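The structure under discussion appears below in the form of structure tokens.
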Amino acid sequence: MDNDSLHIMVGNMTIDNISFTLSNNDILPSPLSLEIRTAFKVVYSLIILLAVVGNVTVIVVVSTARTKLTVTDMYILSLAVADLLISLLNMPFQLNFFITNEWKMGLFLCKFSNYIQGVVITASILTLTVIALDRYFLICRQQLSRKVHTKKVACVAILSLWILSLLIVCPQVRAERLDIVLKLDYSTHTPEGIAQLCREHFERPEVVTIAVYVLVYVTPLIIMMLSYGAIAHRLWIQHPIGDMLENPRNHERSVKQKKKIIQMLMLLVLAFAVLWLPFFTAQLVEEYVEMEETFRTRQAVLQLIGYTNCCVNPIIYAFLNSHFQREFRSLCARRRLPHIIRPLPRSINRTNTLATQEQEICVISNRVP
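The working numbering puts the sequence shown at residues 113 to 481.
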């Protein structure tokens, strides 16, 4: 819409028949179709509901489990908290933006919502990376794991990765601004007012996008692939760890359970990588390729695909972790029959669960506290 004669209302002033040039960044994009907005309302609401219910369930089940909280339990809790935060503090605002086609929630929520999204995504992938490294040391470097695989180290690691995530995304707070744009009546292509959009303003946005793509997405995935590759080689190809000669039955059961846990953790990584890859890639492509108007719809869909990761993780726990299933059933039974079924003393409980310890979230022979 270049060099057109416009009739614009600005406050109490009327500017008639003034010719000037507008770029696409100065005009509010056309709204999503009614069908797409309706679909977004339904899908977003479903994802938010599943994410909140699923991750709250994970947090409650893991934190109130009868068995002692393990190192991996602590990392799983960190991941569940991250998924819960993005479903409560980011997704509702993004849904409102897609429905209204403009940002109506002010500068604070503009900065806060996008900051939370960046922090949570970064914290999630760093948590998955720490889990992969923890598994690697536990299975492939047992001597070193006695120093690394401890609750104290896990607390320091979780605290550090969240602080690092908060710091990495800090520049985005300053970069987020509210832009005033021209709002058009797309049926007549005439101005009908002004609107606000929440946008990032970096001096070199392409450098920032590449840095985020490489440091926050690609590099952690490479570390996780190498870690799980070494673990898979150790468990499936080399002679399994443990004393197979002294206790072959327990050794075989231990290795089998380790494989199940590794498969579950690898599936968590795969889900994150696959579901967020389209969004990260689209962000990168957008910096170098001029996109047509329909790209906005596709980008919204790609972001929605990434959000589904928040409700996928609890489903993975529920279907692939027998320990989680058992603790969930126990929790439900205690809630239904509080006067009949009471938690056993921790000393008795630990005695009764020795035979099934390999099925805990942190399964390992010669287990380290």
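We put the CB at the ideal spot given by N, CA and C, even for glycine.
None of these values were measured; they are calculated from a predicted model.
task: Evaluate LEU296 with the Cβ neighbour count: other Cβ atoms within 10 Å of its Cβ, from every protein chain shown; 16 or more gives buried, anything less gives exposed.
output: The residue you call residue 296 lines up with position 184 of the sequence shown. Under this definition LEU296 is a buried residue.
- request: Evaluate contact between the segment 242–249 and the segment 157–175, counting only Cβ atoms and requiring at least three cross-stretch pairs below 8 Å.
  value: no
- prompt: If we call anything under 9 Å between Cβ atoms a contact, is ALA192 one with ASN213?
  reply: Numbered from its first residue, the sequence shown carries residue 192 at position 80. Numbered from its first residue, the sequence shown carries residue 213 at position 101. Not in contact: ALA192 and ASN213 (Cβ atoms no closer than 9 Å).
- request: Flag this pair as yes or no: are the beta carbons of TYR419 and ILE159 separated by less than 9 Å?
  value: Here residue 419 corresponds to residue number 307 of the sequence shown, with the count starting at 1. Here residue 159 corresponds to residue number 47 of the sequence shown, with the count starting at 1. Yes, these two residues count as a Cβ contact at 9 Å.
task: Spell out the partners DSSP gives PRO303 in its beta bridges.
output: Taking the sequence shown and counting its residues from 1, the one referred to as residue 303 is at position 191. DSSP, once it has assigned bridges, lists LEU296 as partnering PRO303.
task: Return the bridge partner residues of ILE139 from the DSSP annotation.
output: Counting from one through the sequence shown, the residue named residue 139 turns up at place 27. Paired residues: LEU294.
task: Name the one or two DSSP bridge partners that GLU318 has.
output: The residue labelled residue 318 in the question sits at position 206 within the sequence shown. Note: GLU318 sits in no beta bridge, so no partner.
- prompt: In three-state terms, what does DSSP make of GLN254?
  reply: Along the sequence shown, read from residue 1 onward, the residue named residue 254 stands at position 142. Assigned with DSSP and collapsed to three states, GLN254 falls in helix.
field: Through-space distance from VAL293 to ASP138, alpha-carbon basis
entry: The residue labelled residue 138 in the question sits at position 26 within the sequence shown. The residue labelled residue 293 in the question sits at position 181 within the sequence shown. Their Cα atoms are separated by approximately 5 Å.
- prompt: Between PRO332 and VAL170, is the Cβ-Cβ spacing less than 9 Å?
  reply: For the purposes of this step, residue 332 is taken as the residue at position 220 of the sequence shown. For the purposes of this step, residue 170 is taken as the residue at position 58 of the sequence shown. Their beta carbons are not under 9 Å apart, which means PRO332 does not touch VAL170 by this criterion.
- request: Could you check the C-alpha separation between ALA177 and ARG446 for me, to the nearest Å?
  value: Within the sequence shown, the letter at position 65 stands for residue 177. Within the sequence shown, the letter at position 334 stands for residue 446. Straight through space, the alpha carbons of ARG446 and ALA177 are spaced by roughly 11 Å.
Continuous beta strand (DSSP E) assignments of at least 3 residues falling wholly in the segment 202–237: DSSP runs (the beta strand (DSSP E)) wholly in the segment 202–237: none.
Rounded C-alpha distance that separates TYR340 from ILE280: Mapped onto the sequence shown, residue 340 falls at position 228. Mapped onto the sequence shown, residue 280 falls at position 168. Whole-angstrom Cα-Cα distance: 26 Å.
query: Is the Cβ-Cβ distance between GLU312 and ASN226 less than 9 Å?
result: For this step, residue 312 is matched to residue 200 along the sequence shown. For this step, residue 226 is matched to residue 114 along the sequence shown. Yes, the pair counts as a contact, with Cβ atoms nearer than the cut-off.
Residue burial classification, VAL381 (beta-carbon count within 10 angstroms, cutoff 16): Taking the sequence shown and counting its residues from 1, the one referred to as residue 381 is at position 269. Classification for VAL381: buried.
task: Determine the closest residue to ARG289 out of MET217, SER299, LEU327, with distance taken between C-alpha atoms.
output: In the sequence shown, residue 289 corresponds to position 177, counting from 1. Per the Cα distances, MET217.
task: Quick one: measure Cβ to Cβ for SER299 and LEU238, integer angstroms, because I've assumed they're closer than 8 Å.
output: Taking the sequence shown and counting its residues from 1, one reaches residue 299 at position 187. Taking the sequence shown and counting its residues from 1, one reaches residue 238 at position 126. No, SER299 and LEU238 are not in contact; Cβ-Cβ is about 47 Å, not under 8 Å.
query: From what residue to what residue does the alpha helix (DSSP H) around THR169 run?
result: Taking the sequence shown and counting its residues from 1, one reaches residue 169 at position 57. Its alpha helix (DSSP H) spans residues 146–175.
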